[in-house]
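A.B. asks:
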Amino acid sequence: MGNKITEELQYMMNFKKAFAALLMLGALLSAPLASAQLTIEIFGSGANSIPLAAPNFAGEALMQGSVSEVVRKDLALTGLLRIVEPGNLLGVEGVQPDHAAWKGRGADALLLGSINPGQGGLVDVRFRLYDTVRATELFVLKVSVRPDQQRALGHHIANKVYEKLIGQPGIFSTRIAYVEKQGSRYQLLISDFDGENAVPALISQEPIMSPAWSPDGKRLAYVSFDKKKPIIYVRALDSVRTTVLANYKGSNSAPSWSPDGRRLAMTLTKDGLSQVYVANMDGSGLRRLTSSNGIDTEPQWSPDGNHIYFTSDRGGSPQIYRVPADGGAVQRVTFAGAYNVSPRVSPDGKTLVYISRNDGRFQITMQDLASQQTQALTDSAKDESPSFAPDGRTILYATEAGGRGVLSVVSTDGRTRYRLNNRAGDVREPAWGPFEK
Amino acid sequence: MEFTLQRPEPGKWGAAVFSLLMHGLLVAVLFYGVQWQSRPPAAVSVELVRSLPPASMPETPAPPVKEVVPPKPVEVKPVEVKPAPVIKPDIAIKEPEKKKPEKKKEEPKPVPPVAQSKPVTKPAEKPPEKAPPMSRMEQMLANEAAKAGAVNNQNRLNQAAADARAKQDALNAAASLGSATGDWMGQIAQKVKSNLMRPPGASGNPVVEFKVELLPSGEIMGEPKLNKSSGNSSLDEAVRRAILKSSPLPKPTKGEVFQRELILKFHPLADGE
Numbered sequence: 018m019g020n021k022i023t024e025e026l027q028y029m030m031n032f033k034k035a036f037a038a039l040l041m042l043g044a045l046l047s048a049p050l051a052s053a054q055l056t057i058e059i060f061g062s063g064a065n066s067i068p069l070a071a072p073n074f075a076g077e078a079l080m081q082g083s084v085s086e087v088v089r090k091d092l093a094l095t096g097l098l099r100i101v102e103p104g105n106l107l108g109v110e111g112v113q114p115d116h117a118a119w120k121g122r123g124a125d126a127l128l129l130g131s132i133n134p135g136q137g138g139l140v141d142v143r144f145r146l147y148d149t150v151r152a153t154e155l156f157v158l159k160v161s162v163r164p165d166q167q168r169a170l171g172h173h174i175a176n177k178v179y180e181k182l183i184g185q186p187g188i189f190s191t192r193i194a195y196v197e198k199q200g201s202r203y204q205l206l207i208s209d210f211d212g213e214n215a216v217p218a219l220i221s222q223e224p225i226m227s228p229a230w231s232p233d234g235k236r237l238a239y240v241s242f243d244k245k246k247p248i249i250y251v252r253a254l255d256s257v258r259t260t261v262l263a264n265y266k267g268s269n270s271a272p273s274w275s276p277d278g279r280r281l282a283m284t285l286t287k288d289g290l291s292q293v294y295v296a297n298m299d300g301s302g303l304r305r306l307t308s309s310n311g312i313d314t315e316p317q318w319s320p321d322g323n324h325i326y327f328t329s330d331r332g333g334s335p336q337i338y339r340v341p342a343d344g345g346a347v348q349r350v351t352f353a354g355a356y357n358v359s360p361r362v363s364p365d366g367k368t369l370v371y372i373s374r375n376d377g378r379f380q381i382t383m384q385d386l387a388s389q390q391t392q393a394l395t396d397s398a399k400d401e402s403p404s405f406a407p408d409g410r411t412i413l414y415a416t417e418a419g420g421r422g423v424l425s426v427v428s429t430d431g432r433t434r435y436r437l438n439n440r441a442g443d444v445r446e447p448a449w450g451p452f453e454k
Numbered sequence: 002m003e004f005t006l007q008r009p010e011p012g013k014w015g016a017a018v019f020s021l022l023m024h025g026l027l028v029a030v031l032f033y034g035v036q037w038q039s040r041p042p043a044a045v046s047v048e049l050v051r052s053l054p055p056a057s058m059p060e061t062p063a064p065p066v067k068e069v070v071p072p073k074p075v076e077v078k079p080v081e082v083k084p085a086p087v088i089k090p091d092i093a094i095k096e097p098e099k100k101k102p103e104k105k106k107e108e109p110k111p112v113p114p115v116a117q118s119k120p121v122t123k124p125a126e127k128p129p130e131k132a133p134p135m136s137r138m139e140q141m142l143a144n145e146a147a148k149a150g151a152v153n154n155q156n157r158l159n160q161a162a163a164d165a166r167a168k169q170d171a172l173n174a175a176a177s178l179g180s181a182t183g184d185w186m187g188q189i190a191q192k193v194k195s196n197l198m199r200p201p202g203a204s205g206n207p208v209v210e211f212k213v214e215l216l217p218s219g220e221i222m223g224e225p226k227l228n229k230s231s232g233n234s235s236l237d238e239a240v241r242r243a244i245l246k247s248s249p250l251p252k253p254t255k256g257e258v259f260q261r262e263l264i265l266k267f268h269p270l271a272d273g274e
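Protein sequences, first through last, are from chains A and B. Adding 17 to a residue's 1-based position in the first sequence gives its number in the working numbering. Adding 1 to a residue's 1-based position in the second sequence gives its number in the working numbering.
1. The alpha helix (DSSP H) spanning A215/A covers which residue range?
2. If you check the beta carbons only, do I13/A and V240/A fall under 8 Å apart?
3. Could you check how far apart the C-beta atoms of I67/A and D125/A are, in whole angstroms? I think they sit under 8 Å.
4. Decide if P201/B is buried, meaning its Cβ has at least 16 other Cβ atoms within 10 Å, or exposed.
5. Using a cut-off of 7 Å between C-beta atoms, extract the partners of N228/B located in chain A.
6. Which of helix, strand or coil does DSSP assign to K13/B?
7. Taking DSSP as the reference, what is the three-state secondary structure of Y179/A?
8. Would you report the Cα separation of V30/B and S20/B, rounded to the nearest angstrom?
9. Taking only the alpha-carbon atoms, compute the straight-line gap between R374/A and S329/A and give it to the nearest angstrom.
10. So is F144/A in contact with chain B if we call contact Cβ pairs under 8 Å?
11. Once the 5 residues before and after L97/A are set aside, which same chain residues still bring their CB inside 6 Å of it?
12. Could you tell me the boundaries of the beta strand (DSSP E) in which V196/A lies?
13. So if I threshold CB-CB distances at 7 Å, which residues from the region 52 to 65 of chain A count as touching chain B?
14. Hey, T351/A and Y371/A: beta-carbon distance below 8 Å or not?
15. Return yes when the Cβ of I193/A is within less than 8 Å of the Cβ of F144/A, no when it is not.
16. Can you pull the chain A neighbours of P269/B, defined as C-beta to C-beta under 9 Å?
17. Leaving out five residues on either side along the sequence, give the residues of the same chain with a beta carbon under 7 Å from the beta carbon of S231/B.
18. Output yes or no for whether 8 Å exceeds the beta carbon distance between L413/A and L386/A.
19. I believe Y294/A touches R279/A by the beta-carbon criterion, under 8 Å. Please report the beta-carbon distance rounded to the nearest angstrom.
20. Which value, in whole angstroms, describes the spacing of the CA atoms of P325/B and K181/A?
21. Shortest alpha-carbon distance to P224/A belongs to which of T259/A, Y195/A, P134/A and V101/A?
22. From this set, K454/A, Q54/A, G63/A and K244/A, which residue's C-alpha is nearest A243/B's C-alpha?
23. My guess is that L262/A and A238/A are in contact by the Cβ rule of under 8 Å, so how many angstroms apart are they, rounded?
24. Please list, in chain order, all residues of the same chain as G108/A whose beta carbon is under 8 Å from its beta carbon, the five residues on each side excluded.
25. Apply the 10 Å Cβ neighbour rule to R261/B and answer buried if 16 or more other Cβ atoms are within range, or exposed otherwise.
26. Specify the secondary structure class of D400/A as computed by DSSP and reduced to three states.
27. So, using beta-carbon positions, are P407/A and I188/A closer together than 8 Å?
28. Locate the beta strand (DSSP E) running through I411/A, then write down its first and last residues.
29. Quick test of your reading: Y326/A and I312/A, contact by CB under 8 Å. State the CB separation rounded to the nearest angstrom.
30. Would you call R445/A buried or exposed, if buried means 16 or more other Cβ atoms sit within 10 Å of its Cβ?
31. Just to make sure I have the definition right: I need the residues of chain A whose C-beta is within less than 9 Å of the C-beta of V193/B. Which are they?
32. Check whether the region 345 to 361 of chain A and the region 397 to 407 of chain A are in contact - that is, three or more C-beta pairs closer than 8 Å.
33. Could you tell me the alpha carbon to alpha carbon distance between I207/A and R168/A, rounded to whole angstroms?
34. Just mark D148/A as buried or exposed, buried being the case when its beta carbon has 16 or more other beta carbons within 10 Å.
35. Which whole-angstrom value describes the C-beta separation of P320/A and P272/A, a residue pair presumed to lie in contact below a C-beta threshold of 8 Å?
36. Taking any Cβ of chain A, which residues in the region 201 to 212 of chain B have a Cβ under 9 Å from it, in chain order?
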C-alpha cells in the first residue's frame, strides 16, 4: 500500500515537473515577444522656432499703443519664436479657441488677450496662452496698468510667454545703457532692451564713457570728463544723486562691479602705467591688484566673484588675463591671435567674449573657457564694447555702420542678429542691465 | 524503514525518458529563445531617410487629448507691471559649443547718410595701441595657437570618425531588418525630428527617451511616457512637444510591421546633418 502511494506520488511529481517546464517554456517564448519594442533613434533637431499666433488683443484702443504689437516684436527678436498671422481665424480671450484650426494654421501656441476699462483710470488686461498641439490652456494672467504702459506691459507678457514656451527667463523687461554723441553733446541714455524708449540719465558737453550697471540695476558707474579729466562716478538711478568713486591723479576709468555689488574694479594711472585696482562701493579701501610693466586695463569681474579678467599688453601684444579678485597669480586666458581686448564673462561663467582682431577686422569672439575653443560671432569690422544680456544668450555691442556708431545684438548660437534703433547720433559703449529684481 | 531505502523503483525508466524529453525540450526552447533574442537591436538613424518626403498628413485631425491641466487661477497683480520672477533653470545652463554662427551676411542696412558724425575720439587709454608688425613674441604665440588648433582639429576628426562608425553600425542594423520596418522607423524619425526645436542653453550630448503608444491610425495615445530624462527639463519638454506635434505618426507601408509601442530615443544635440 505504501508502495502504491509513493508511486502515485512519484507520478504526480513528474507531472508537476512537466507542468513547471511547460510554464518555463511559455515564459521563455513570450519574453522576447513582449520586449520586441522598436527603438527609434533620432539624432539632431530640425525645427528652428516655435510658431506662435498672437492676434491683436480685444480693446487695444483703450491703450495708447498696441500691446500685442510689442509682444510680437519682442518674441520675434529672439529668433526662437515665429509669429504666425491669424489669417481669417478669430480668437476671443475667454472663449475656448478652435485648437485644431490654429494648429492647422501652423501655430503651436496661441496668445489671446483682452483689455477692459478698470478702476481709477487704469485698464484691466487679461491674457491667456494656449498649447494648440495639446489643446490645453497654459496660463491665464491678469494685470491692471495705466493706459500709457503698453510697452512695459507688452514686455511683461512677452516674458511670460517666452518663459512658458522656451523654459528660460525672458530679457524683455531689462534695460540697456549707452552713450550717444550728437554734435558736441554727450548723453548717457537708458532704454528698453530693444533700444526704444530712451531716457537720458546724464547730459554733458564732455565725453561720457564706460557705463556699468550695478548688479541690482539701481546704480550706474561711469566715467565722465566733466572736470577735463576722466573721473569715475556712481549715480543712483532713482534719484539724481551722484558720488565720486575715484578721482586720483592721472586717469580713472573702466569701472566694473563685483557680483555682490559691494566693490568695484577699475583702471587707475595714479602709480604710473594703467593698472587694475579694487575699491569699495563708496571709494574707500582702494587696493592695487596688478603690478606689471605693461598696461593693465578693462577689468571685469567673473560672475562667481572669484576672478577679475582684464586686458594687458605685458606679453607683447594685448591679451586677456585673469587674477584672483583678492590678489594672486596672474593667468593668461587668450592665446589665439595677436590682439584680444575687452573681456566679458557670460553670466554662467563658462564663456568669455571679447574683441579680437582677425585680418585687420575687430570682431566679437567667443571662447569656451573650459576647452579654449574660439569662434568669431560677427563679420563686421569695428566691433567694440560687448555686453552679455543677463540670460547669457545674447550679446549687445557697438559697431560702425555708415561712418557712425550703432548698436547691434548677436546671439551666442548665431541664430539671432539685429540692429538696435536708428538714433540720429553716434552711439557707443552699450551695457546690458541685469534682470529686474 | 529499510523498505523505504531499498524499495523497487518501478517508474525509473519512464522517469528517465521523461526527464530526457524534458531536457531536450528545454534545449530546444533555449535554442529558439536565443534565436529570438539574436534579432538585431532595432535601431535606425534618421540620416537614412533624410531625403524622404515628410510623412503623409492625417485625414483626421484632433488627436484625443486626455490630459487636463488645471488652469492657473487668475493672478491679480498690482498696478505696476512687475517683472516676472526669474525662473531658475533646472540645470546649470551651458553655452552651446561648437556650432558655427550662421554665415549670414550682415545685410548692408540702408543707413540714412548722417552728416558729420565722426567717431568719438576716445580720450585716455583703452589699450588699442597700434599693434606693431609681428614681433617674435607674437610669432611664438601664433605658432602656439596654430598648434592648439591642430590638436582641436585632430580631436574633432577622431570624434567624427567614431560618429561615422556608430552611424554605420546603426545603418547595418537597420539594413538587416525588414526594409518595411526600417522605412517606417526612418519616416517616424524624420517627422519627429523636423518638429524638434533645440532649446537654448542645452549642451553636451544628452539623451532623452520616451515611450509612446500608438493607435493603428498612427495617432499617439495619451501622453508620451518619459523613460529617461536628459536632466534638462526644458529639453525634455521640447522633445515631448515634438512627439505630440508629430501625431499621427506615419503608418508603415506593410501593416504587419506596425508596433503598438515605440521607444523614441533622442540625441537632440548630436549632429544630425
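We treat Cβ as the ideally placed atom computed from N, Cα and C, and that holds for glycine. It should be emphasised that the depicted structure is a prediction, and the values quoted were computed from it without experimental measurement.
C.D. replies: Taking the definition as stated:
1. Residue mapping note: residue 215/A aligns to position 198 of the first sequence, counting from 1. Run containing A215/A: none; DSSP gives neither H nor E here.
2. Outside the displayed span of chain A (18 to 454) sits residue 13/A, for which this structure offers no information.
3. The residue you call residue 67/A lines up with position 50 of the first sequence. The residue you call residue 125/A lines up with position 108 of the first sequence. With a Cβ gap of about 5 Å, I67/A and D125/A count as contacting.
4. Start at 1 with the first residue of the second sequence, and residue 201/B comes out as number 200. Counting C-beta atoms within 10 angstroms of its own C-beta, P201/B has 16 or more neighbours from the protein chains shown and is therefore classed as buried.
5. Along the second sequence, read from residue 1 onward, the residue named residue 228/B stands at position 227. Counting only Cβ-Cβ distances below 7 Å, N228/B has no contacts in chain A at all, with the closest Cβ about 10 Å away.
6. By one-based count along the second sequence, residue 13/B stands at place 12. Reduced to three states, the DSSP call for K13/B is helix.
7. For the purposes of this step, residue 179/A is taken as residue 162 along the first sequence, with counting starting at 1. For Y179/A, the secondary structure class from DSSP, reduced to helix, strand or coil, is helix.
8. The count along the second sequence starts at 1 and reaches residue 30/B at position 29. The count along the second sequence starts at 1 and reaches residue 20/B at position 19. The alpha-carbon atoms of V30/B and S20/B are separated by roughly 15 Å.
9. Start at 1 with the first residue of the first sequence, and residue 374/A comes out as number 357. Start at 1 with the first residue of the first sequence, and residue 329/A comes out as number 312. If I take the Cα positions, the gap works out to 15 Å.
10. The residue labelled residue 144/A in the question sits at position 127 within the first sequence. Not an interface residue.
11. Here residue 97/A refers to the residue found at position 80 when the first sequence is read from its first residue. Within the same chain, L97/A has close Cβ partners S66 and I183.
12. Along the first sequence, one-based indexing puts residue 196/A at 179. Looking at the DSSP string, the run of the beta strand (DSSP E) that includes V196/A is R192 to Q199.
13. Q54, L55, T56, I57, E58, I59, F60, G61, S62, G63, A64 and N65
14. Your numbering for residue 351/A matches position 334 in the first sequence. Your numbering for residue 371/A matches position 354 in the first sequence. Closer than 8 Å, so yes.
15. As a first step, residue 144/A is located in the first sequence; it is residue number 127 there, counting from the start. As a first step, residue 193/A is located in the first sequence; it is residue number 176 there, counting from the start. In this structure, I193/A does not lie closer than 8 Å to F144/A by Cβ.
16. Mapped onto the second sequence, residue 269/B falls at position 268. Those within 9 Å of P269/B in chain A are I59, F60, G61 and S62.
17. For the purposes of this step, residue 231/B is taken as residue 230 along the second sequence, with counting starting at 1. Counting only Cβ-Cβ distances below 7 Å, and skipping sequence neighbours, we find P207, V208, V209 and D237.
18. For the purposes of this step, residue 413/A is taken as residue 396 along the first sequence, with counting starting at 1. For the purposes of this step, residue 386/A is taken as residue 369 along the first sequence, with counting starting at 1. Going by C-beta atoms, L413/A is not nearer than 8 Å to L386/A.
19. Position 277 of the first sequence, counted from the first residue, corresponds to residue 294/A. Position 262 of the first sequence, counted from the first residue, corresponds to residue 279/A. So it is not a contact: roughly 15 Å between Cβ atoms.
20. Summary: the structure shown does not reach residue 325/B, with chain B confined to residues 2 through 274, and so no result is reported for it.
21. Start at 1 with the first residue of the first sequence, and residue 224/A comes out as number 207. It is Y195/A.
22. For this step, residue 243/B is matched to residue 242 along the second sequence. Selected option, being the one with the closest Cα: G63/A.
23. Here the question's residue 262/A lines up with position 245 in the first sequence. Here the question's residue 238/A lines up with position 221 in the first sequence. At roughly 6 Å, the Cβ-Cβ gap stays under 8 Å, so L262/A and A238/A are in contact.
24. In the first sequence, residue 108/A corresponds to position 91, counting from 1. Taken in chain order, the residues that qualify are A70, P72, P114, W119, L127 and L129.
25. Counting from one through the second sequence, the residue named residue 261/B turns up at place 260. Exposed, by the Cβ-count rule.
26. Position 383 of the first sequence, counted from the start, is the residue given in the question as residue 400/A. Looking at D400/A - three-state DSSP - the assignment turns out to be coil, as it is neither helix nor strand.
27. What you label residue 407/A is simply residue 390 of the first sequence in a count that begins at 1. What you label residue 188/A is simply residue 171 of the first sequence in a count that begins at 1. Result yes, Cβ atoms of P407/A and I188/A sit closer than 8 Å.
28. As a first step, residue 411/A is located in the first sequence; it is residue number 394 there, counting from the start. The sequence given here places Thr at residue 411/A; Ile does not occur at that position. Unbroken beta strand (DSSP E) run through T411/A: T411 to A418.
29. Start at 1 with the first residue of the first sequence, and residue 326/A comes out as number 309. Start at 1 with the first residue of the first sequence, and residue 312/A comes out as number 295. The Cβ separation is near 15 Å, so there is no contact.
30. Locating residue 445/A in the first sequence gives position 428, where the first residue counts as 1. So R445/A counts as buried.
31. Stepping through the second sequence from its first residue, residue 193/B is reached at position 192. Per Cβ cutoff of 9 Å: I57, I59 and G63.
32. yes
33. Sequence index remark: in the first sequence, residue 207/A carries index 190 (1-based). Sequence index remark: in the first sequence, residue 168/A carries index 151 (1-based). So the two alpha carbons sit approximately 15 Å from each other.
34. Numbered from 1 along the first sequence, position 131 holds the residue referred to as residue 148/A. Buried is the call here.
35. The residue you call residue 320/A lines up with position 303 of the first sequence. The residue you call residue 272/A lines up with position 255 of the first sequence. The C-beta distance from P320/A to P272/A rounds to 17 Å, too long to fall under 8 Å, and the pair is not in contact.
36. P201, G202, S204, E210 and K212
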